Amino acid sequence: MNLVVDIGNTLVKYAVYDKNRLVVGHSCECNFFLSMVKEIFEVYPKIEHALIASVKNLENKEYEVLSLFCKVHLLSHNSNIPFVNKYATPESLGIDRIALVTAAFYNYPKTNVLVIDAGTCVTYDFINEKNEYFGGAISPGMMMRYKAMNNQTAKLPLLSPESTDGFIGDSTESCMHIGVINGLVQELEGVINQYRERFKFLTVILTGGDAHFFAKRLKNSIFANSKFLLEGLNYLLEYNKS
Numbered sequence: 007m008n009l010v011v012d013i014g015n016t017l018v019k020y021a022v023y024d025k026n027r028l029v030v031g032h033s034c035e036c037n038f039f040l041s042m043v044k045e046i047f048e049v050y051p052k053i054e055h056a057l058i059a060s061v062k063n064l065e066n067k068e069y070e071v072l073s074l075f076c077k078v079h080l081l082s083h084n085s086n087i088p089f090v091n092k093y094a095t096p097e098s099l100g101i102d103r104i105a106l107v108t109a110a111f112y113n114y115p116k117t118n119v120l121v122i123d124a125g126t127c128v129t130y131d132f133i134n135e136k137n138e139y140f141g142g143a144i145s146p147g148m149m150m151r152y153k154a155m156n157n158q159t160a161k162l163p164l165l166s167p168e169s170t171d172g173f174i175g176d177s178t179e180s181c182m183h184i185g186v187i188n189g190l191v192q193e194l195e196g197v198i199n200q201y202r203e204r205f206k207f208l209t210v211i212l213t214g215g216d217a218h219f220f221a222k223r224l225k226n227s228i229f230a231n232s233k234f235l236l237e238g239l240n241y242l243l244e245y246n247k248s
């Protein structure tokens, strides 16, 4: 069995796989990482391999604790990847994006795939039908946009995401909600259309913590998959075992 751990900016997401079959998947705050590890191995003692992907610096003690239970692979730019990486600066490519492209490679082979990860940031990653990865784009995520308006102005409040109807706000708060949510929807639709104009046969995957918020709002045909990154991590773990 495998354990894959995705340490993000705010949460730790983890999943246990039996080969390619998802057994369980959960998330917790970063502070509970170590206690989470102990509980997982009490419930699933047959885990033999683990992979850690972290967007921030991982403390040695966290890696060492997990190493007490099983063999651990720390995902990095030196890890083996199954696709052709044509990113101009591969050493700066986020490991979360590597995992997403890997999931696209295995789930949609020989296909033009655009993966959109709506999380802290919104990332766009494209792999073509020749299994070549070129890059994509990065823009501020939903909560980052709310926080920016609050932090960079004197009077705009800090709001939590809220659904709104229409595209014309009649109050400061409704204008902010429409600006963030409708603005992101228009961005997502616009980027997808740009890719579809150039690549006629395109599969679009929407994932990330805010994917559920936008999936029903998009007119374009997409596949929503909240576990796409974890799937990619498990594929990478299997690919790096040898």
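Each residue of the sequence shown is one higher than the one before, counting from 7 in the numbering used here. The C-beta atom is built at its ideal place from N, Cα and C for all residues, glycine as well. Note that the coordinates shown come from a computational prediction; the quantities given were computed from them, not determined experimentally.
- Our two residues, valine 78 and leucine 72, have alpha carbons roughly 7 Å apart in a direct line.
- Counting of Cβ neighbours within 10 angstroms places aspartate 123 among the buried residues, the total reaching 16 or more.
- According to DSSP, residue pairing for phenylalanine 229 in a beta bridge involves Ile211.
- When rounded, the separation of the alpha-carbon atoms in histidine 218 and threonine 95 is 31 Å.
- Threonine 108 has its alpha-carbon roughly 31 Å from the corresponding atom of lysine 153.
- Burial state of arginine 103 is buried, judged by a 10 Å Cβ sphere holding 16 or more other Cβ atoms.
- Where isoleucine 46 is concerned, the enclosing alpha helix (DSSP H) starts and stops at 39-49.
- When secondary structure is reduced to three states using DSSP, aspartate 102 falls in the helix class.
- A buried status is given to asparagine 118, since no fewer than 16 other beta-carbon atoms sit within 10 Å of its beta-carbon.
- Bounds of the alpha helix (DSSP H) holding asparagine 188 are 178-204.
- In this structure, the straight-line span from the alpha carbon of serine 41 to that of glutamate 48 is close to 11 Å.
- Three or more pairs of CB atoms, one per stretch, sit closer than 8 Å, so the stretch 209-224 contacts the stretch 184-197.
- When secondary structure is reduced to three states using DSSP, valine 107 falls in the helix class.
- In the same chain as arginine 202, and ignoring 5 residues on each side of it, the C-beta atoms closer than 6 Å to its own belong to Leu208, in chain order.
- Taking 8 Å as the cut-off, the beta carbon of glycine 14 is found no closer than this to the beta carbon of valine 43.
- In the three-state DSSP reduction, glycine 147 falls in the coil class, being neither helix nor strand.
- DSSP places leucine 72 within a helical segment (H, G or I) once states are collapsed to three.
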